[in-house]
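Under my numbering, the first residue of the sequence shown is numbered 83, with each subsequent residue one higher.
Ideal placement from N, C-alpha and C gives every residue a C-beta, glycine not left out.
Reading through the structure tokens given below for one structure.
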Amino acid sequence: MPSSGLHHAHAFLSLGLALILTGILSLGHSQEPRRIPYIISPKSQLYLEGTSNVKDFTCRNTLAFRPSQVAMGQVSGNCITLNTRLQLPIRALDCGNYGINRDMQATLQAKDYPYIDIQLLNVTGETQLGETSQQEWHALRAQVVVSIAGKSQTMEVPVRARQATADTYRFTGSCPLQMTTFGIDPPSALLGLVQVSDDIQIYFDLIVTATGG
Numbered sequence: 083m084p085s086s087g088l089h090h091a092h093a094f095l096s097l098g099l100a101l102i103l104t105g106i107l108s109l110g111h112s113q114e115p116r117r118i119p120y121i122i123s124p125k126s127q128l129y130l131e132g133t134s135n136v137k138d139f140t141c142r143n144t145l146a147f148r149p150s151q152v153a154m155g156q157v158s159g160n161c162i163t164l165n166t167r168l169q170l171p172i173r174a175l176d177c178g179n180y181g182i183n184r185d186m187q188a189t190l191q192a193k194d195y196p197y198i199d200i201q202l203l204n205v206t207g208e209t210q211l212g213e214t215s216q217q218e219w220h221a222l223r224a225q226v227v228v229s230i231a232g233k234s235q236t237m238e239v240p241v242r243a244r245q246a247t248a249d250t251y252r253f254t255g256s257c258p259l260q261m262t263t264f265g266i267d268p269p270s271a272l273l274g275l276v277q278v279s280d281d282i283q284i285y286f287d288l289i290v291t292a293t294g295g
């Protein structure tokens with residue numbers, strides 16, 4: 083279903099992005115393990131775009147992000163080791179059509195696997211952390227493990243990040259995905275006359291605030 087892609091993206095991006103802020107927050111200032119709580123602004127955007135042989139479609143995230151925290155480990159050069167997990171309900175995605183939403187839940191096997199599970203492993207910057215000024219955009223890559231419908235994949239997510247205020251950060255980017263990567267067949271309808279493409283694109287623009295640490 084179109085949402086198969088979005089949902090796992092929704093999950094790992096929202097988390098991956100939220101957690102990437104830890105890398106910028108630390109800026110290499112500490113090698114000691116610590117936990118940093120954060121919240122994601124409701125003004126944040128996360129959506130998926132896909133195509134079929136009939137028309138394009140967009141699926142938007144309707145989930146209110148919950149406050150959470152990330153455990154930050156060792157900072158080594160431009161890489162920060164992180165450890166956190168996130169579970170997101172599959173029914174939090176709206177593609178603007180009841181039938182599409184229903185088919186998506188069936189495609190993702192929501193009955194047996196109601197959540198998408200995401201684990202963030204580390205974040206790497208293209209420059210040494212701390213070498214750029216606060217207001218500059220940072221090019222980052224987050225390594226995550228995404229589990230959908232009983233299948234897990236390790237992925238890298240490219241991200242652009244910028245510090246907006248003393249404790250608020252903005253993360254933008256997009257990520258191409260394929261449903262078949264997770265053993266999910268793109269859906270079809272009307273006896274195969276309508277066929278959804280395997281390729282989808284996830285877009286995100288997240289505003290994250292650190293609430294302590």
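Need the endpoints of the alpha helix (DSSP H) that ASN183 sits in, please. Secondary structure note for ASN183: its alpha helix (DSSP H) is the uninterrupted segment 180 to 189.
Contact check, THR293 vs THR250 under 8 Å by CB: the rounded distance? With 8 Å as the limit, THR293 and THR250 do not qualify as a contact, their Cβ atoms being about 10 Å apart.
Straight-line CA distance for VAL205 to PRO240? Between VAL205 and PRO240, the C-alpha separation is close to 10 Å.
Taking 8 Å as the cut-off, decide whether the C-beta atoms of GLN279 and PRO268 are in contact. Here the sequence assigns Ser to residue 279, which means Gln is not the residue at that position. Taking 8 Å as the Cβ cut-off, SER279 and PRO268 qualify as a contacting pair.
Out of curiosity, what's the CA-to-CA distance linking ALA243 and TRP219? When rounded, the distance between both Cα atoms is 5 Å.
Residue closest to LEU259, alpha-carbon to alpha-carbon, out of PRO119, LEU130, PRO124: The candidate whose alpha carbon is nearest that of LEU259 is LEU130.
Under 8 Å Cβ to Cβ from VAL276, same chain only, skipping five residues before and after it: list those, please. SER134, ASN135, VAL136, SER270.
Best match in GLY232, ASN183, GLN201 for proximity to PHE139 [C-alpha to C-alpha]: Nearest option by C-alpha distance: ASN183.
Sorted by chain position, which residues of the same chain lie with C-beta nearer than 6 Å to GLN191's C-beta, five sequence neighbours on each side aside? In its chain, beyond the 5 residues on either side, ALA231 have a beta carbon closer than 6 Å to the beta carbon of GLN191.
For LEU222, tell me which candidate among THR254, GLY265, THR144 has the shortest Cα-Cα distance. Nearest of THR254, GLY265, THR144 to LEU222, Cα basis: THR254.
ASN179: buried (16+ other C-beta within 10 angstroms of its C-beta) or exposed? Taking all protein chains in view, the Cβ of ASN179 is surrounded by fewer than 16 other Cβ atoms within 10 Å, so the residue is classified as exposed.
Decide if GLY27 is buried, meaning its Cβ has at least 16 other Cβ atoms within 10 Å, or exposed. Since the first and last residues shown for the chain are 83 and 295, residue 27 lies out of range.
May I have a chain-ordered list of the beta strand (DSSP E) segments no shorter than 3 residues that lie completely inside the region 214 to 293? Unbroken beta strand (DSSP E) stretches of 3 residues or longer found wholly inside the region 214 to 293: 220 to 230, 233 to 245, 250 to 260, 276 to 292, given in chain order.
Taking the beta strand (DSSP E) that THR133 falls in, what are its first and last residues? Start and end: 127 to 134.
Using C-beta distances below 7 Å, list every residue in its chain close to GLN187, excluding the 5 sequence neighbours before and after it, in chain order. Closer than 7 Å at Cβ, skipping near neighbours: ILE172, ARG173.
Can you check which of these residues, THR263, GLY132, ASP287, SER229, is closest to PRO196 by C-alpha distance? Of the candidates THR263, GLY132, ASP287, SER229, the one whose C-alpha sits nearest the C-alpha of PRO196 is SER229.
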